[in-house]
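Numbered according to this note's numbering, the sequence shown spans residues 53 to 402.
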Amino acid sequence: MTQYSNINNLSRLKNLGLPPIGDLNELSNQMRLSSGLIQKLAYLSDEHYKVYYLKKKSGGQREIAQPSRAMKAVQSWILRKILYRLSSSQNAKGFEIGESILSNATPHIGAHVLLNIDLEDFFNTIPASHVYSIFHSIGYNKTISNIFTRLCTFKGYLPQGAPTSPKLSNLACQRLDSRIQGYSGPKGIMYTRYADDITLSAFNETKIRKAKPIIEEILKDEGFFINDSKTKICGTRKRKEVTGLVISIDGVGIGRRKYRQIRAMIYTMLKSDGSKIEQVNGWLAYIKSVDEKNYFRLVKYILTLEKNFPENKIFESISSIREKRVDKGNYLWFLFFYCWDIEDSFIWTS
């Protein structure tokens, strides 16, 4: 019976476009790594991480577990060959191909009331058992599912720092998303989730206030912890933000406050020796991707400063941006090192 089950599972994996792996030797062939190295990485995985801590602006520390080069290479293979081929829920807007902070905010345009819920230690609350269930449910046998789970977890949880963690977190949250959508959808409440940032919106404040305790109960039932200090309801007259973007009745953008902050930052950078060009280009590319109106305002502002800083190379870069030849390398470099919310949030980018 087990033999027929294995054959059926391998056939199912092929139909899903996934590597049909039934044992360690086949996994070794697929990864082009020795079975000994794979076992070493899987069963001594804790030895293949460097742990460090980043201070949160809101207080406390965030643990980052950086995988070794070999571990990261194996995780990247799992991400490319398996995880990217699996569909997350339609509510998941973070770490998904074709999705962004803009697509997370756009569904809430025009809402009168917004509920923001922040989850604490998001990756570290997703246990290895959930990861195992993901691999086993798609057709991998117990042995291979166990190896994949060990390769993708650290001390029994998803590590913040592994390339596989963001996508796995979305797959692990499919039941959560389904439960929240099942409640909110029929009531006319819009729901999106960008990693640990949960947003619900509606035209009626009563709906949101009634939904809040129910959504919080669902989150707790799914094993998550709510950061009460960042959980809030924004009514009609309050500023409404979704993953760092400000939504209004008819649009979404970076907002006046952030525009002024970035404009001041750019001015300070322009007064320097020109070593901050990558950051300036990065901010401009980021704003262009989420708020073209304010992007062109900033470009116009920078060009008016050209006469004051004639030696600064940034103006050559601005010209290339105006000609729609954005330096992709600078943008990606900026995203990796600088893409966090100015006021607080740390945003992982793939």
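Glycine included, C-beta positions come from ideal geometry on N, C-alpha and C. All values reported here derive from a predicted model rather than from experimental measurement.
Between which two residues does the beta strand (DSSP E) carrying residue i extend?
i: N346; result: First-last for N346: E344 to T356, but that is the alpha helix (DSSP H), not the beta strand (DSSP E).
i: Q118; result: Q113 to P119
i: N279; result: F277 to C286
i: A263; result: First-last for A263: E257 to D273, but that is the alpha helix (DSSP H), not the beta strand (DSSP E).
i: I250; result: D249 to A254
i: I403; result: Because the chain in this structure spans residues 53 to 402, residue 403 falls outside the shown range and cannot be described.
i: K292; result: K292 to V294
Can you name, in chain order, every residue of its own chain whose Cβ lies under 6 Å from the Cβ of residue i, other than the five neighbours on each side?
i: L79; result: I73
i: K282; result: D170
i: E172; result: F277 and N279
i: P71; result: Q82 and K133
i: I186; result: L223
i: R84; result: none
i: S155; result: K145
i: L65; result: P72 and G191
i: K380; result: Low confidence applies here, because K380 scores a pLDDT of 43, under 50, leaving its location unreliable; read the following figure in that light. So no residue of the chain qualifies.
i: T201; result: A180, V183 and Y184
i: Y104; result: I116
i: R114; result: L106 and K108
i: S87; result: L76 and S80
i: R315; result: none
Tell me which residues share the same chain as residue i and place their Cβ nearer than 8 Å to its Cβ, disregarding the 5 neighbours each side in the sequence.
i: W400; result: A caution first: W400 carries a pLDDT of 40, below 50, which makes its placement in the model unreliable, though a value can still be read off. For W400, where only same-chain residues beyond five positions count, the Cβ hits under 8 Å are F147, Q212, P218 and A247.
i: Y101; result: A117, Q118, P119, S120, M123, F206, P211 and G213
i: I267; result: L167, I169, I232, Y235, S236, I250 and L252
i: K376; result: For K376, the predicted structure reports a pLDDT of 44, less than 50, and the residue's modelled location is therefore unreliable. A value from the coordinates is still provided. Here the set comprises nothing.
i: L135; result: T216, K219, L220 and L223
i: A163; result: M242, S253, A254, F255, K292 and I299
i: K194; result: H188
i: N61; result: G74, G191, Y192 and N193
i: Y95; result: R202
For the alpha helix (DSSP H) containing residue i, name the first residue and the last one.
i: L241; result: Here the sequence assigns Ile to residue 241, which means Leu is not the residue at that position. Note, I241: premise wrong, no alpha helix (DSSP H); not H, not E.
i: S359; result: Strictly speaking, residue 359 in this sequence is Lys, with Ser absent from that position. First-last for K359: undefined, no H or E at that position.
i: K310; result: G307 to L322
For residue i, which residues from the same chain have a beta carbon less than 7 Å from its beta carbon, with the 5 sequence-adjacent residues on both sides left out?
i: N222; result: S140, A144, F147 and E148
i: T158; result: V304
i: S63; result: none
i: Y353; result: R315
i: G275; result: T177
Cα-Cα, which of the options is closest to residue i?
i: E293; options: A94, E99, V165 and R64; result: V165
i: I339; options: I266, S152 and G287; result: S152
i: I250; options: S120, Y319, L138 and H160; result: H160
i: K284; options: R261, S155 and G275; result: R261
i: D273; options: F255, G334 and D229; result: D229
i: K264; options: I90, Y105 and S236; result: S236
i: L76; options: L68, N360, I199 and N67; result: I199
i: Q91; options: K194, L68, L203 and G69; result: L203
i: A125; options: T216, L357 and F174; result: T216
i: N360; options: M242, Y319, N346 and L336; result: Y319
i: S97; options: Q127, K108 and L357; result: Q127
i: C225; options: F348, P238, K239 and T244; result: T244
i: S197; options: R137, G275, I130 and L68; result: I130
i: L138; options: L89, N67 and S86; result: N67
i: C286; options: F175, E257 and S110; result: E257
i: R312; options: G334, T295 and N346; result: N346
i: K259; options: E269, G275, K239 and L271; result: K239
i: R289; options: G334, I301, G296 and R349; result: I301
i: Q142; options: S110, R227, G112 and L89; result: R227
i: K323; options: G150, G69, G275 and L357; result: L357
i: L271; options: F174, E99 and G334; result: F174
Just checking residue i against the ligand NAD - is the residue's beta carbon closer than 7 Å to any of the ligand's heavy atoms?
i: G296; result: What this structure holds is no ligand at all, so the ligand NAD is not there to describe.
Length at least 4, wholly inside the segment 58-105: the alpha helix (DSSP H) runs in chain order
Look at the segment 58-105 and you find these whole runs of alpha helix (DSSP H), each 4 residues long or longer: 76-83 and 87-95.
Taking only runs of the alpha helix (DSSP H) that begin and end inside the segment 199-227, which ones reach a length of at least 4 residues, in chain order?
217-224
Where are the alpha helix (DSSP H) runs, 4 residues long or more, that stay fully inside the segment 108-189, in chain order?
121-133, 153-157 and 180-189
Count the CB pairs spanning the segment 196-212 and the segment 175-182 that are closer than 8 Å, and state whether there are at least three.
yes
Indicate whether the contact test is met: 3 or more Cβ pairs, each with one atom in the segment 330-346 and one in the segment 304-313, closer than 8 Å.
yes
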